[in-house]
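**Student:** Under my numbering, the first residue of the sequence shown is numbered 3, with each subsequent residue one higher.
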Amino acid sequence: MANSYHITMTRSAELYSRAQRLIPGGVNSPVRAFGSVGGTPRFIAKAYGSRLWDVDGTEYIDLVGSWGPLILGHAHPAVVAAVTQAAPEGLSFGAPTEREVALAEAVLKRYPLCEQLRFVNSGTEATMSALRLARGATSRDKIVKFAGNYHGHADSLLVAAGSGAMTSGVPSSAGVPANIAKHTLVAEYNDLASVERLFRAYPDDIAAVIFEPVVGNMGVVSPSPDFLSGLRQLTSRYGALLIVDEVMTGFRLARGGAVERYGIEPDLVCWGKILGGGLPVGAYGGPAALMAHVSPLGQVYQAGTLSGNPLAMAAGLATLAVIDATPDLYEVLEARGAQLAVGLAEVAAAAGMPVVINCVGSMLTAFFTDQPVTDYTSALGSDTTRFARFFHGLLARGVYWPPSAFEAAFLSIAHSAADIEAVIAAARAAFSEL
Ligand code: HOZ
Numbered sequence: 003m004a005n006s007y008h009i010t011m012t013r014s015a016e017l018y019s020r021a022q023r024l025i026p027g028g029v030n031s032p033v034r035a036f037g038s039v040g041g042t043p044r045f046i047a048k049a050y051g052s053r054l055w056d057v058d059g060t061e062y063i064d065l066v067g068s069w070g071p072l073i074l075g076h077a078h079p080a081v082v083a084a085v086t087q088a089a090p091e092g093l094s095f096g097a098p099t100e101r102e103v104a105l106a107e108a109v110l111k112r113y114p115l116c117e118q119l120r121f122v123n124s125g126t127e128a129t130m131s132a133l134r135l136a137r138g139a140t141s142r143d144k145i146v147k148f149a150g151n152y153h154g155h156a157d158s159l160l161v162a163a164g165s166g167a168m169t170s171g172v173p174s175s176a177g178v179p180a181n182i183a184k185h186t187l188v189a190e191y192n193d194l195a196s197v198e199r200l201f202r203a204y205p206d207d208i209a210a211v212i213f214e215p216v217v218g219n220m221g222v223v224s225p226s227p228d229f230l231s232g233l234r235q236l237t238s239r240y241g242a243l244l245i246v247d248e249v250m251t252g253f254r255l256a257r258g259g260a261v262e263r264y265g266i267e268p269d270l271v272c273w274g275k276i277l278g279g280g281l282p283v284g285a286y287g288g289p290a291a292l293m294a295h296v297s298p299l300g301q302v303y304q305a306g307t308l309s310g311n312p313l314a315m316a317a318g319l320a321t322l323a324v325i326d327a328t329p330d331l332y333e334v335l336e337a338r339g340a341q342l343a344v345g346l347a348e349v350a351a352a353a354g355m356p357v358v359i360n361c362v363g364s365m366l367t368a369f370f371t372d373q374p375v376t377d378y379t380s381a382l383g384s385d386t387t388r389f390a391r392f393f394h395g396l397l398a399r400g401v402y403w404p405p406s407a408f409e410a411a412f413l414s415i416a417h418s419a420a421d422i423e424a425v426i427a428a429a430r431a432a433f434s435e436l
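1. Considering only the alpha carbon of each residue, which of Leu396, Trp403 and Arg239 lies closest to Phe433?
2. Per DSSP, what kind of secondary structure is His295 in: helix, strand or coil?
3. If you draw a straight line from the C-alpha of Val362 to the C-alpha of Thr10, how long is it?
4. Smallest Cα separation from Asp421: which of Leu133, Glu190, Asp64 and Asp58?
5. Could you check whether the stretch 399-413 touches the stretch 365-385, counting it as contact only if at least three pairs of C-beta atoms, one from each stretch, sit closer than 8 Å?
6. Within the chosen definition, does the stretch 173-190 reach the stretch 319-334 through at least 3 CB pairs nearer than 8 Å?
7. Are the CB atoms of Ile276 and Arg257 nearer to each other than 8 Å?
8. In whole angstroms, give me the CA-to-CA distance for Met203 and Ala242.
9. Do Glu190 and the ligand SAH come close, with the Cβ less than 7 Å from some heavy atom?
10. In the DSSP assignment, find the beta strand (DSSP E) that holds Leu159 and state where it starts and stops.
11. Could you check if Arg142 belongs to the surroundings of the ligand HOZ, using beta carbon to heavy atom distance under 7 Å?
12. Put Leu308 into one of helix, strand or coil per three-state DSSP.
13. Between the Cα of Ala323 and those of Asp157, His295, Glu107 and Ala416, spot the shortest distance and give me the residue it belongs to.
14. How is the beta strand (DSSP E) around Val246 delimited, first residue to last?
15. Output needed for Leu292: all residues of its chain with C-beta closer than 8 Å, excluding positions within five of it in sequence on either side, in chain order.
16. Output yes or no for whether 8 Å exceeds the beta carbon distance between Val296 and Trp273.
17. Could you tell me the distance, in whole angstroms, from the CA atom of Ser165 to the CA atom of Ser31?
18. Under three-state DSSP, which class holds Leu382?
19. Under 8 Å between the Cβ atoms of Leu281 and Ala314?
20. I want to know whether the stretch 305-319 touches the stretch 80-89 - three or more CB-CB distances under 8 Å.
21. Mind checking whether the beta-carbon of Trp69 lies closer than 7 Å to any heavy atom of the ligand HOZ?
22. Going by beta-carbon coordinates alone, are Ile426 and Val349 separated by less than 8 Å?
23. Give the DSSP-derived three-state secondary structure of Thr367 in the structure shown.
24. Going straight from the alpha carbon of Thr251 to that of Val146, what length do you get?
25. Alpha carbon to alpha carbon, how far is Asn219 from Ala163? Give it in angstroms, no decimals.
26. Counting beta carbon pairs with one atom in the stretch 219-230 and one in the stretch 365-378, are three or more of them shorter than 8 Å?
27. Provide the residue(s) that pair with Leu54 in DSSP beta bridges, ordered along the chain.
28. Tell me which same chain residues have a C-beta within less than 8 Å of the C-beta of Ala305, skipping the five on either side of it?
29. Count the other CB atoms, across all protein chains shown, that sit within 10 Å of the CB of Val85; report buried if there are 16 or more and exposed otherwise.
30. Please confirm whether Leu413 has its beta-carbon closer than 8 Å to some beta-carbon of chain D.
31. Mapping the DSSP letters down to three states, classify Tyr286 as helix, strand or coil.
32. Would you decide whether Leu299 is buried or exposed? Buried here means 16 or more other CB atoms lie within 10 Å of its CB.
33. Contact check, Ala390 vs Val39 under 8 Å by CB: the rounded distance?
34. Closest to Val122 by CA distance: which of Thr379, Asn360, Leu308 and Pro356 is it?
35. Would you say the beta carbon of Val33 is closer than 7 Å to some non-hydrogen atom of the ligand HOZ?
36. Gly102 to Gln235, Cα distance in whole Å?
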């Protein structure tokens, strides 16, 4: 009698197979494809608090947190209630609303150096628009960005980019015209001399320096204090604008983001993620005199049908309101981050595994290297093969870690001390298998 074999696919695998026929790579954003770690991306059915469940019913402690927005955890009741209340009143008007005014006030009071802002639909739109504003206001074309910093996928910014561009082998994307890319100058993070060289070479041509104040997109890399003050001095000296990309760090590293935490004096700030509480929102802002260049007041054009969308505004307002109503929120996040960082370092050391933990507040990356990670080159020193095995060791134990060696894990106030202990226990077991 012939043997018969029945191969059962997980529901995630079935959906992935269908998705690959319909969507490039089966995903709508590259890192989700598990490309650099291998295996089948988990298709998510639902999430609540610190947990998510895939379509096969497996439960995970989630350390991705939608890549940053969910500082309150998944489906926070106040945010869900705000969206649920707003929805029956209309989903989009293409006309101004009271919620936009309220959210603008809530953001600007956290960033006293910014007097006005413009809402857009994503972090990519925010950085792209801020660059156009900087170019329009200064009548200069060139910009400086840092290797491994990622500011979304606008043409000018997909040069030496971090995030998925770093693991896919295309840090400078195909499809970006050379005539655009030539205006993007690349410096090394935490290396002021590399910035100064560019200003010396192009003293009258650089419109702006854009940077992640704490990098999340080549893994977590923190700025040295003299780097931040030096950027301010150099940009002021050469008449360029300083654009702080707070898409990941805004409202996360402090009430007023990295700008408050490190005392940065920006010309323009870009926001996203937490600002929309899980719905698509971005914004850019600065002093009124600078923002006056933006249409309809000025000559820098920027528009959007869904900008200021009422549901997204409602989610953002509710998120910031919960942050305001939780006085110890940042202390709790710092404590959880420190607990995870110390715990991971201990279990890695016990397993004899060379791992560097970079943690700032509630953002953390484990680099598989024995060298300090301070810039793009040192980040690339992380052993990605080992990371992939670590990632799958965690996944098999119910921990959903970012599926890339060069992304940040994000904590929320929904992560309890017990959740963090469970992650550390899973990491201990995962390290022991490497
Ligand atoms: N580029 C994002 C992380 N830095 C990933 C976005 C996503 O896949 O949703």
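C-beta: ideal position from N, C-alpha, C; glycine also.
**Tutor:** Answer, in terms of the structure:
1. Leu396
2. coil
3. 42 Å
4. Asp64
5. yes
6. no
7. no
8. It should be noted that the sequence gives Ala, not Met, for residue 203. Approximately 14 Å between the Cα atoms of the pair.
9. The model on display carries the ligand HOZ but not the ligand SAH.
10. Segment: none, Leu159 is in no beta strand (DSSP E) and carries neither H nor E.
11. no
12. coil
13. Glu107
14. Leu243 to Asp247
15. Leu135, Ala139, Leu243, Asp269 and Leu270
16. no
17. 11 Å
18. coil
19. yes
20. yes
21. yes
22. yes
23. strand
24. 20 Å
25. 8 Å
26. yes
27. Ala49 and Tyr62
28. Ser297
29. buried
30. Annotation note: the requested chain D is absent from the structure, which comprises a single protein chain.
31. strand
32. exposed
33. 4 Å
34. Leu308
35. yes
36. Note that residue 102 is Glu in the sequence shown, not Gly. Between Glu102 and Gln235, the C-alpha separation is close to 34 Å.
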